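S.K.: Those protein sequences? They're chains B and Z, same order as listed.
In terms of this note's numbering, the first sequence is residues 4 to 118.
In terms of this note's numbering, the second sequence is residues 41 to 153.
Glycine is no exception: its CB is placed at the ideal position from the N, C-alpha and C atoms.
Every value quoted in this text rests on a predicted model; they were computed, and no experiment measured them.
Sending over a structure as C-alpha cells; questions will come in a sec.
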Amino acid sequence: AQSVTQPDIHITVSEGASLELRCNYSYGATPYLFWYVQSPGQGLQLLLKYFSGDTLVQGIKGFEAEFKRSQSSFNLRKPSVHWSDAAEYFCAVVPGYSSASKIIFGSGTRLSIRP
Amino acid sequence: KAGVTQTPRYLIKTRGQQVTLSCSPISGHRSVSWYQQTPGQGLQFLFEYFSETQRNKGNFPGRFSGRQFSNSRSEMNVSTLELGDSALYLCASSRGGAGTEAFFGQGTRLTVV
Numbered sequence: 004a005q006s007v008t009q010p011d012i013h014i015t016v017s018e019g020a021s022l023e024l025r026c027n028y029s030y031g032a033t034p035y036l037f038w039y040v041q042s043p044g045q046g047l048q049l050l051l052k053y054f055s056g057d058t059l060v061q062g063i064k065g066f067e068a069e070f071k072r073s074q075s076s077f078n079l080r081k082p083s084v085h086w087s088d089a090a091e092y093f094c095a096v097v098p099g100y101s102s103a104s105k106i107i108f109g110s111g112t113r114l115s116i117r118p
Numbered sequence: 041k042a043g044v045t046q047t048p049r050y051l052i053k054t055r056g057q058q059v060t061l062s063c064s065p066i067s068g069h070r071s072v073s074w075y076q077q078t079p080g081q082g083l084q085f086l087f088e089y090f091s092e093t094q095r096n097k098g099n100f101p102g103r104f105s106g107r108q109f110s111n112s113r114s115e116m117n118v119s120t121l122e123l124g125d126s127a128l129y130l131c132a133s134s135r136g137g138a139g140t141e142a143f144f145g146q147g148t149r150l151t152v153v
C-alpha cells in the first residue's frame with residue numbers, strides 16, 4: 004500500500020536559518036507528490052507539487068523541493084525561514100493512476116521558529 | 041475567484057446525534073473529497089464525489105456518508121455520533137482528473153460531547 008513517512012515530528016529552527024523537512028514515500032511507480040502547509044485551526048494550503056519533469060520544483064513563499072527517485076524522497080527546503088513560516092507541514096502523495104482527490108498524507112512536521 | 045467554503049466552521053454535538061456538514065467547491069470543480077483530521081490518526085481520506093457519484097471511499101464505517109448535488113456542492117453526514125468522531129473535517133475540491141490539484145477549505149471543527 005502507498006504510504007508517506009515524515010520522520011521528524013517537530014523541528015525548531017532560528018529565524019533566518021535554512022530549513023529542510025524530510026519526506027519518504029512508498030509506491031511502486033512515480034506518484035504525484037505534494038507539500039501542504041497548515042496554520043493552526045486552518046485548512047491546507049498547497050506549497051508545491053511534483054508531477055513529472057524537472058526534479059527540483061519551486062513553490063510559493065520561497066519553498067522548493069527535490070524529488071529523488073532512487074531514495075523515494077521529496078524533501079522540502081527553504082534557504083531562510085521567517086517567523087511566519089511556523090506551521091505544520093504535510094507531505095502527500097497521490098498514486099499516478101488515481102484521482103487527485105484521494106490524497107495520502109504523512110503525519111506532518113510541526114515547525115517552530117526561534118526568534 | 042472564491043475558494044472552497046465549508047459550513048459551519050464549528051459544531052458541538054452530543055453522542056448519538058447526527059450531523060451534516062456542507063462544502064461548496066470552487067466554481068467549475070466537479071470533484072469534492074472529504075478528510076478527517078485528528079491528533080491521533082492524522083489526515084485520513086473519507087470519500088470523494090465526482091459528478092454526483094461516489095468515486096472513491098476510505099476505510100470508515102457506514103455511519104459516515106455523503107452526497108453531491110448537481111451544482112457540485114457536497115454534504116457529509118455522520119450518524120450516531122461517537123466521542124471519537126471529534127475532529128477537523130476538511131473538504132477539498134478539484135477538477136477531478138488524475139494529477140489535478142486539490143484545494144482545501146478551512147474545515148469544520150466537530151466536537152462530540
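Taking the straight line between their C-alpha atoms, what separation do you get for B:K52 and B:R113?
M.R.: Start at 1 with the first residue of the first sequence, and residue 52 of chain B comes out as number 49. Start at 1 with the first residue of the first sequence, and residue 113 of chain B comes out as number 110. Between the alpha carbons of B:K52 and B:R113 lies a gap of roughly 20 Å.
S.K.: Quick one: which residues of the segment 44 to 60 of chain B get their C-beta closer than 7 Å to a C-beta of chain Z? List them in chain order.
M.R.: Only those residues of the segment 44 to 60 of chain B whose C-beta falls short of 7 Å from the nearest C-beta of chain Z are listed: Q45, G46, L47, L49, K52 and F54.
S.K.: Mind listing the chain Z neighbours of B:F93? Cutoff is C-beta to C-beta under 8 Å, in chain order.
M.R.: In the first sequence, residue 93 of chain B corresponds to position 90, counting from 1. Within chain Z, the residues placing a beta-carbon under 8 Å from that of B:F93 are L83, ordered along the chain.
S.K.: What does the Cβ neighbour count give for Z:Y50, buried or exposed, with the cut at 16 atoms within 10 Å?
M.R.: Walking along the second sequence from the start, residue 50 of chain Z turns up at place 10. Counting Cβ neighbours within 10 Å, Z:Y50 comes out exposed, since fewer than 16 surround it.
S.K.: Rounded to whole angstroms, how far is the Cβ of B:E119 from the Cβ of B:R80, which I believe are closer than 8 Å?
M.R.: There is no way to answer for residue 119 of chain B, as the model of chain B reaches only from 4 to 118.
S.K.: Express the C-alpha separation of B:S42 and Z:L150 in angstroms, rounding to a whole number.
M.R.: Residue 150 of chain Z sits at position 110 when you count from the first residue of the second sequence. Residue 42 of chain B sits at position 39 when you count from the first residue of the first sequence. Those two C-alpha atoms are separated by around 18 Å.
S.K.: For a test of the three-state rule: what should DSSP assign to B:I63, helix, strand or coil?
M.R.: Here the question's residue 63 of chain B lines up with position 60 in the first sequence. It is helical.
S.K.: Alpha carbon to alpha carbon, how far is Z:A142 from Z:Q57?
M.R.: In the second sequence, residue 142 of chain Z corresponds to position 102, counting from 1. In the second sequence, residue 57 of chain Z corresponds to position 17, counting from 1. Going from the Cα of Z:A142 to the Cα of Z:Q57 covers about 31 Å.
S.K.: Buried or exposed: where does B:A95 fall if 16 or more other Cβ atoms within 10 Å of its Cβ makes it buried?
M.R.: Translated into the one-based positions of the first sequence, residue 95 of chain B becomes position 92. B:A95 should be labelled buried.
S.K.: Interface residues of chain Z around B:F108 at Cβ under 7 Å?
M.R.: The sequence position of residue 108 of chain B within the first sequence is 105, counting from 1. Those within 7 Å of B:F108 in chain Z are G82 and L83.
S.K.: I need the boundaries of the beta strand (DSSP E) containing Z:A132, first residue and last residue.
M.R.: Here residue 132 of chain Z is taken as the residue at index 92 of the second sequence, counted from 1. Unbroken beta strand (DSSP E) run through Z:A132: A127 to S134.
S.K.: Examine chain B for any beta-carbon lying closer than 7 Å to the beta-carbon of Z:L51, and answer yes or no.
M.R.: To locate residue 51 of chain Z, count along the second sequence from 1; it is residue 11. Taking Cβ atoms only, chain B never reaches closer than 7 Å to Z:L51, which makes this a no.
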